[in-house]
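Engineer: Mind having a look at this structure? Questions to follow.
Numbering (our numbering), first residue to last: 306 to 381.
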């Protein structure tokens with residue numbers, strides 16, 4: 306197993322099936338990738354765990370600073 310940060314369109318597309326389990330409202334891989342690429346502009350990142358060449362787990366996250374809690378890590 307290896308873990309890596311996803312950066313490219315193709316890498317993000319590989320994570321679609323894993324994210325779909327928790328975010329079933331995404332009906333298309335292309336819509337999902339477009340949304341993620343927009344969020345990347347705002348500091349969003351995805352880390353994925355691979356077994357061989359398949360994504361078996363992933364997490365999306367971003368750091369935020371809020372008035373209520375200060376600096377936090379939001380996991381998606």
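Idealized CB from N, CA, C, for every residue including glycine.
Every value quoted in this text rests on a predicted model; they were computed, and no experiment measured them.
1. Work out the CA separation of residue 312 and residue 362 for me, nearest whole Å.
2. What residue range is occupied by the uninterrupted beta strand (DSSP E) comprising residue 376?
3. Around the C-beta of residue 348, are 16 or more other C-beta atoms found within 10 angstroms, so that it is buried, or is it exposed?
4. Under the assumption that residue 306 contacts residue 350 (Cβ atoms under 8 Å), give the Cβ distance between them as a whole number of angstroms.
5. Give the DSSP-derived three-state secondary structure of residue 321 in the structure shown.
6. So for residue 337, helix, strand or coil by DSSP?
7. Using C-beta distances below 8 Å, list every residue in its chain close to residue 322, excluding the 5 sequence neighbours before and after it, in chain order.
Structural biologist: Based on what the coordinates show:
1. Against the chain shown, residue 362 aligns to sequence position 57. Against the chain shown, residue 312 aligns to sequence position 7. Distance between the alpha carbons of residue 362 and residue 312: 16 Å.
2. As a first step, residue 376 is located in the chain shown; it is residue number 71 there, counting from the start. Note, residue 376: beta strand (DSSP E), 375-380.
3. As a working mapping, residue 348 is identified with position 43 in the chain shown. Looking at its Cβ environment, which holds fewer than 16 other Cβ atoms inside 10 Å, residue 348 is exposed.
4. Here residue 306 refers to the residue found at position 1 of the chain shown. Here residue 350 refers to the residue found at position 45 of the chain shown. The Cβ separation is near 19 Å, so there is no contact.
5. Taking the first residue of the chain shown as position 1, residue 321 is located at position 16. In this structure, residue 321 counts as helix in the three-state DSSP scheme.
6. Looking up residue 337 in the chain shown gives position 32. Three-state DSSP puts residue 337 in a helix.
7. Position 17 of the chain shown, counted from the start, is the residue given in the question as residue 322. 360.
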